[in-house]
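As structure tokens, the structure follows; a few thoughts come after it.
Number of protein chains: 2
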Amino acid sequence: MAYCATSHTPHISPKWSSSPRNALIQSRNRFTVVPIRFPPNIPPNVLKFDRIRSPIRASSAQLMEQNLGSRVPTIVDVDLGNRSYPIYIGSGLLDQPHLLQRHVHGKRVLVVTNTTVAPLYLDKVVSALTDGNSSVSVESVILPDGEKYKNMETLMKVFDKAIESRFDRRTTFVALGGGVIGDMCGFAAAAFLRGVNFIQIPTTVMAQVDSSVGGKTGINHPLGKNLIGAFYQPQCVLVDTDTLHTLPDRELASGIAEVVKYGLIRDAEFFEWQEKNMNALLARDANALAYAIKRSCENKAEVVSLDEKESGLRATLNLGHTFGHAIEAGFGYGQWLHGEAVAAGTVMAVDMSHRLGWIDESIVKRVYDILLAANLPIGPPECMTVEMFKSYMAVDKKVADGLLRLILLKGPLGNCVFTGDYDRKALDETLHAFCKS
Amino acid sequence: MAYCATSHTPHISPKWSSSPRNALIQSRNRFTVVPIRFPPNIPPNVLKFDRIRSPIRASSAQLMEQNLGSRVPTIVDVDLGNRSYPIYIGSGLLDQPHLLQRHVHGKRVLVVTNTTVAPLYLDKVVSALTDGNSSVSVESVILPDGEKYKNMETLMKVFDKAIESRFDRRTTFVALGGGVIGDMCGFAAAAFLRGVNFIQIPTTVMAQVDSSVGGKTGINHPLGKNLIGAFYQPQCVLVDTDTLHTLPDRELASGIAEVVKYGLIRDAEFFEWQEKNMNALLARDANALAYAIKRSCENKAEVVSLDEKESGLRATLNLGHTFGHAIEAGFGYGQWLHGEAVAAGTVMAVDMSHRLGWIDESIVKRVYDILLAANLPIGPPECMTVEMFKSYMAVDKKVADGLLRLILLKGPLGNCVFTGDYDRKALDETLHAFCKS
Numbered sequence: 001m002a003y004c005a006t007s008h009t010p011h012i013s014p015k016w017s018s019s020p021r022n023a024l025i026q027s028r029n030r031f032t033v034v035p036i037r038f039p040p041n042i043p044p045n046v047l048k049f050d051r052i053r054s055p056i057r058a059s060s061a062q063l064m065e066q067n068l069g070s071r072v073p074t075i076v077d078v079d080l081g082n083r084s085y086p087i088y089i090g091s092g093l094l095d096q097p098h099l100l101q102r103h104v105h106g107k108r109v110l111v112v113t114n115t116t117v118a119p120l121y122l123d124k125v126v127s128a129l130t131d132g133n134s135s136v137s138v139e140s141v142i143l144p145d146g147e148k149y150k151n152m153e154t155l156m157k158v159f160d161k162a163i164e165s166r167f168d169r170r171t172t173f174v175a176l177g178g179g180v181i182g183d184m185c186g187f188a189a190a191a192f193l194r195g196v197n198f199i200q201i202p203t204t205v206m207a208q209v210d211s212s213v214g215g216k217t218g219i220n221h222p223l224g225k226n227l228i229g230a231f232y233q234p235q236c237v238l239v240d241t242d243t244l245h246t247l248p249d250r251e252l253a254s255g256i257a258e259v260v261k262y263g264l265i266r267d268a269e270f271f272e273w274q275e276k277n278m279n280a281l282l283a284r285d286a287n288a289l290a291y292a293i294k295r296s297c298e299n300k301a302e303v304v305s306l307d308e309k310e311s312g313l314r315a316t317l318n319l320g321h322t323f324g325h326a327i328e329a330g331f332g333y334g335q336w337l338h339g340e341a342v343a344a345g346t347v348m349a350v351d352m353s354h355r356l357g358w359i360d361e362s363i364v365k366r367v368y369d370i371l372l373a374a375n376l377p378i379g380p381p382e383c384m385t386v387e388m389f390k391s392y393m394a395v396d397k398k399v400a401d402g403l404l405r406l407i408l409l410k411g412p413l414g415n416c417v418f419t420g421d422y423d424r425k426a427l428d429e430t431l432h433a434f435c436k437s
Numbered sequence: 001m002a003y004c005a006t007s008h009t010p011h012i013s014p015k016w017s018s019s020p021r022n023a024l025i026q027s028r029n030r031f032t033v034v035p036i037r038f039p040p041n042i043p044p045n046v047l048k049f050d051r052i053r054s055p056i057r058a059s060s061a062q063l064m065e066q067n068l069g070s071r072v073p074t075i076v077d078v079d080l081g082n083r084s085y086p087i088y089i090g091s092g093l094l095d096q097p098h099l100l101q102r103h104v105h106g107k108r109v110l111v112v113t114n115t116t117v118a119p120l121y122l123d124k125v126v127s128a129l130t131d132g133n134s135s136v137s138v139e140s141v142i143l144p145d146g147e148k149y150k151n152m153e154t155l156m157k158v159f160d161k162a163i164e165s166r167f168d169r170r171t172t173f174v175a176l177g178g179g180v181i182g183d184m185c186g187f188a189a190a191a192f193l194r195g196v197n198f199i200q201i202p203t204t205v206m207a208q209v210d211s212s213v214g215g216k217t218g219i220n221h222p223l224g225k226n227l228i229g230a231f232y233q234p235q236c237v238l239v240d241t242d243t244l245h246t247l248p249d250r251e252l253a254s255g256i257a258e259v260v261k262y263g264l265i266r267d268a269e270f271f272e273w274q275e276k277n278m279n280a281l282l283a284r285d286a287n288a289l290a291y292a293i294k295r296s297c298e299n300k301a302e303v304v305s306l307d308e309k310e311s312g313l314r315a316t317l318n319l320g321h322t323f324g325h326a327i328e329a330g331f332g333y334g335q336w337l338h339g340e341a342v343a344a345g346t347v348m349a350v351d352m353s354h355r356l357g358w359i360d361e362s363i364v365k366r367v368y369d370i371l372l373a374a375n376l377p378i379g380p381p382e383c384m385t386v387e388m389f390k391s392y393m394a395v396d397k398k399v400a401d402g403l404l405r406l407i408l409l410k411g412p413l414g415n416c417v418f419t420g421d422y423d424r425k426a427l428d429e430t431l432h433a434f435c436k437s
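If you're matching them up, the sequences are chains L and V in order.
Here the first sequence stands for residues 1 to 437, where the numbers follow the UniProt record's numbering.
Here the second sequence stands for residues 1 to 437, where the numbers follow the UniProt record's numbering.
Shown next as structure tokens:
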């Protein structure tokens with residue numbers, strides 16, 4: 001698989017070569033619960049995010065005993081007061097119409113999907129929306145597939161369809177597809193008539209573990225990723241793990257990059273589980289996938305509940321994303337999948353954390369190893385230059401009053417900081433280590 | 001002044017001819033205070049909105065004793081919990097930098113204005129933002145002037161400017177202009193990086209009494225008005241009444257259409273004041289204008305506080321707007337000013353209310369008289385057909401599950417209903433009475 005137009009080999013930093021999977025680390029961290037709520041305004045210059053854990057999380061061993069691939073959905077709640085909603089996770093959920101129908105408002109539904117997903121699942125979703133419920137009518141808009149279409153021009157096709165079809169405020173938009181569809185459909189729902197209800201049916205690991213949860217919606221601008229959008233929460237997220245049967249390997253690996261992220265920023269135990277179970281995930285073991293999705297959603301739900309509008313804590317979910325977004329915009333949207341860019345960006349953030357002396361070398365090695373095991377790139381495409389990185393990173397949403405803030409690892413595995421207080425030299429060194437010019 | 005491409009005479013329904021201003025009605029209604037809060041969901045089929053009054057409102061006589069044109073701002077608060085904000089109203093407010101500066105977040109400001117307003121007030125606003133505050137830098141984007149530019153293409157110019165200038169989340173957008181600028185700048189602020197702060201500096205009566213207050217933002221779609229947007233509240237609204245010195249007469253009259261609306265839907269005493277003071281308003285008497293703006297903002301602030309997201313009560317602010325939006329879209333955006341279309345739409349809504357037997361003929365006559373006195377049209381342009389009205393009204397945001405709900409007057413002056421429960425025959429009769437075909 002080509003990760004770069006100019007190279008068929010993922011860029012590997014000379015410092016680290018590919019190596020066999022790292023031995024499992026047996027130690028289990030125990031965390032105390034620190035109930036915190038971040039202020040609505042910009043956080044202090046440095047926020048350290050460790051030891052914030054839900055008291056209700058079961059151990060991975062306990063959870064694996066459940067048959068998470070069963071048709072009884074696992075439910076993860078996103079607690080946002082009167083905008084709270086459930087995430088249903090399980091196999092065969094699209095064959096259970098009541099799950100969707102209870103969240104449909106009004107009599108008309110617009111399914112937003114793309115040319116790849118529509119032939120696979122659109123009929124199934126229409127059935128799930130209408131079986132035993134003839135009063136609901138469903139229309140659909142099928143967009144071209146790919147990150148490069150996540151723009152205003154494509155978004156207008158959703159508005160055109162909704163307005164031409166005379167949809168009113170009492171309608172429900174349904175996002176059926178990956179992260180691009182979810183982000184665009186969500187933003188369309190936020191802006192159509194100043195807001196209609198919507199439901200997420202994510203069909204990629206990337207969307208199931210990350211982008212469908214938490215209400216971030218939006219589109220890209222030629223100068224940067226997700227620069228135009230809204231915080232807008234869905235009525236529910238329905239993750240039917242059966243939809244992963246048709247997911248290409250490259251998309252599967254892309255989603256795993258976000259799974260790895262949760263482990264690194266706040267869940268060392270989950271990271272260790274991933275080190276043991278990466279082969280099962282890549283082999284699409286139903287239980288392993290369902291567990292990884294559930295635990296990822298739990299992590300995300302907890303973070304979003306504490307900091308919906310990204311005042312501080314939520315920014316940590318963007319580990320590797322500032323570098324990654326620069327790759328996506330600089331290399332051309334859609335050249336790399338989002339998770340591929342995030343994987344490379346994570347390696348860069350980890351490299352920088354190490355240069356700052358904030359983490360042990362062993363963590364750096366484990367990150368390389370797990371991403372290589374997941375068939376993900378561990379460096380940017382060769383076409384990316386230091387100047388390209390600097391230029392695209394300057395428009396990142398985490399810049400505040402001109403200061404670029406980054407998510408960096410600090411301390412033992414599972415701990416990170418969101419900070420603008422770092423030595424610029426380390427950033428420069430990292431960029432030069434990963435770029436030829 | 002031409003109101004229609006095909007006619008230089010405002011269309012006057014044969015039933016009513018222009019007549020001298022109606023005699024002042026001396027009776028003063030006294031209202032009881034009914035504290036209500038509307039539910040978040042769609043209201044019952046009929047909601048009747050009368051006798052909802054603020055206990056703190058002074059009588060018009062008391063208010064007129066104050067010098068409302070003075071340089072000490074009158075402040076009207078919009079009570080929305082942690083999104084509450086002040087409306088400052090007065091003369092010379094742009095010469096008082098502290099009023100604006102206390103609401104600026106971050107160090108960078110983007111002023112969004114148009115080619116008409118920029119030469120008049122942009123320098124003054126930049127001074128107000130920066131005087132004694134050298135740490136703030138201001139940039140501006142100057143859009144073409146007019147309703148026909150209130151679209152996605154123009155909106156993208158704001159995003160382009162903000163992104164090219166590397167504005168981050170800690171910036172403030174300032175809307176300097178009329179309703180079109182306020183709506184577009186507000187929506188841009190809502191969507192840029194998923195939300196930055198913004199300030200409204202309205203420079204037309206229309207924007208000062210209505211569109212700048214309450215957080216409705218958005219753009220038009222070729223098929224209908226304001227169909228894409230967001231509810232997004234500003235940090236403050238600053239109404240410097242001196243900006244009205246440069247307002248064309250036609251724009252002044254357009255704004256008065258919304259002033260008349262407040263009287264009709266909920267404030268009979270204010271309507272009676274307008275009947276007495278229309279000449280003073282048209283002559284730009286500073287006290288009369290300041291009072292009309294203040295009382296309009298009080299009415300709007302009260303409604304918005306009770307029903308921010310337009311579950312019910314807020315819809316009553318759209319008296320005449322469903323017919324009016326059809327005129328704007330059907331006749332071509334910008335052919336008529338918004339208030340001109342609303343005036344014609346108000347006459348149609350009042351005509352329909354009378355056909356339904358819901359109001360006395362005397363109210364119909366008073367509406368005609370006051371709009372004629374304000375040099376506003378009292379019927380749609382001749383090019384509008386019944387079918388055009390029906391087609392455009394079908395995409396109105398107040399349609400719910402296919403049912404068109406309208407704001408109609410019912411009962412004594414100052415009372416209205418928001419309802420889908422009316423005889424369709426009356427709507428048909430009204431459309432045929434005002435359209436040639």
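The beta-carbon is built from N, C-alpha and C at its ideal position, and this holds for glycine as well.
Keep in mind that this is a model prediction, so the values were computed, not measured.
Option in the options with minimal Cα separation from residue i
{"i": "L/VAL259", "options": "L/CYS297, L/LEU403, L/THR217, L/GLY312", "result": "L/CYS297"}
{"i": "L/LYS124", "options": "L/LEU94, L/ASP360, L/LEU99", "result": "L/LEU94"}
{"i": "V/GLY324", "options": "V/ASP307, V/VAL138, V/ASN279, V/ASN226", "result": "V/ASN226"}
{"i": "L/ALA190", "options": "L/LEU238, L/ASN220, L/VAL158", "result": "L/VAL158"}
{"i": "L/LYS410", "options": "L/LEU100, L/ILE219, L/TYR291, L/THR316", "result": "L/THR316"}
{"i": "V/PRO202", "options": "V/CYS185, V/PHE389, V/PHE231", "result": "V/CYS185"}
{"i": "V/ASP77", "options": "V/PRO380, V/ALA349, V/GLN233", "result": "V/GLN233"}
{"i": "V/ILE256", "options": "V/GLY339, V/GLY345, V/CYS383, V/MET152", "result": "V/GLY339"}
Extent of the continuous alpha helix (DSSP H) run through residue i
{"i": "L/GLY179", "result": "179-191"}
{"i": "L/LEU371", "result": "361-373"}
{"i": "V/ILE407", "result": "No alpha helix (DSSP H) contains V/ILE407, which is instead part of the beta strand (DSSP E) from 406-409."}
{"i": "V/LEU313", "result": "Note, V/LEU313: premise wrong, no alpha helix (DSSP H); not H, not E."}
{"i": "V/ALA344", "result": "338-355"}
{"i": "L/PHE434", "result": "424-434"}
Residue i: first and last residue of the uninterrupted beta strand (DSSP E) it sits in
{"i": "V/LYS294", "result": "Per DSSP, V/LYS294 belongs to no beta strand (DSSP E); it is in the alpha helix (DSSP H), 286-306."}
{"i": "L/ASP77", "result": "74-78"}
{"i": "V/ASP249", "result": "Element bounds for V/ASP249: not the beta strand (DSSP E) but the alpha helix (DSSP H), 249-266."}
{"i": "V/GLN200", "result": "197-202"}
{"i": "L/VAL109", "result": "108-114"}
Beta-carbon neighbours of residue i, restricted to chain L and to distances below 7 Å
{"i": "V/ARG83", "result": "By Cβ distance, chain L contributes nothing, its closest Cβ being about 10 Å from V/ARG83, past 7 Å."}
{"i": "V/VAL399", "result": "ASP168"}
Check whether residue i and residue j have beta carbons under 7 Å apart
{"i": "V/GLY106", "j": "L/ASP421", "result": "no"}
{"i": "V/LEU110", "j": "V/LEU129", "result": "no"}
{"i": "L/PHE187", "j": "L/GLY214", "result": "no"}
Classification of residue i by the beta-carbon crowding that lies within 10 angstroms, buried from 16 upward
{"i": "L/ASN45", "result": "Bear in mind that a pLDDT of 43 at L/ASN45, under 50, signals an unreliable position, so the number given afterwards is only what the model happens to contain. The residue is exposed, with fewer than 16 neighbouring Cβ atoms inside 10 Å."}
{"i": "L/GLY69", "result": "Residue placement at L/GLY69 cannot be trusted, given a pLDDT of 45 that sits under 50; what the coordinates show is reported in the next sentence. L/GLY69 comes out buried."}
{"i": "L/LEU403", "result": "exposed"}
{"i": "V/SER211", "result": "buried"}
{"i": "L/ASN279", "result": "exposed"}
{"i": "V/GLU302", "result": "buried"}
{"i": "V/LYS425", "result": "exposed"}
{"i": "L/PRO144", "result": "exposed"}
Partners in chain V for residue i, counting only beta-carbon separations shorter than 7 Å
{"i": "L/LEU406", "result": "Near L/LEU406 there are no residues of chain V at all, since even the closest Cβ is about 14 Å away, more than 7 Å."}
Heavy atom of the ligand ATP within 6 Å of residue i beta-carbon
{"i": "L/ALA433", "result": "Absent from the structure shown: the ligand ATP. Ligands present: none."}
Closer than 8 Å at the beta carbon, the chain L residues around residue i
{"i": "V/LYS216", "result": "ARG194"}
Within chain L, partners of residue i - CB distance below 9 Å
{"i": "V/GLY224", "result": "ILE163"}
{"i": "V/VAL386", "result": "Neighbours of V/VAL386 on chain L: none; closest Cβ ~18 Å, over 9 Å."}
Neighbouring residues, chain V, relative to residue i (Cβ below 9 Å)
{"i": "L/PHE159", "result": "MET152, HIS221, LEU227, ILE228"}
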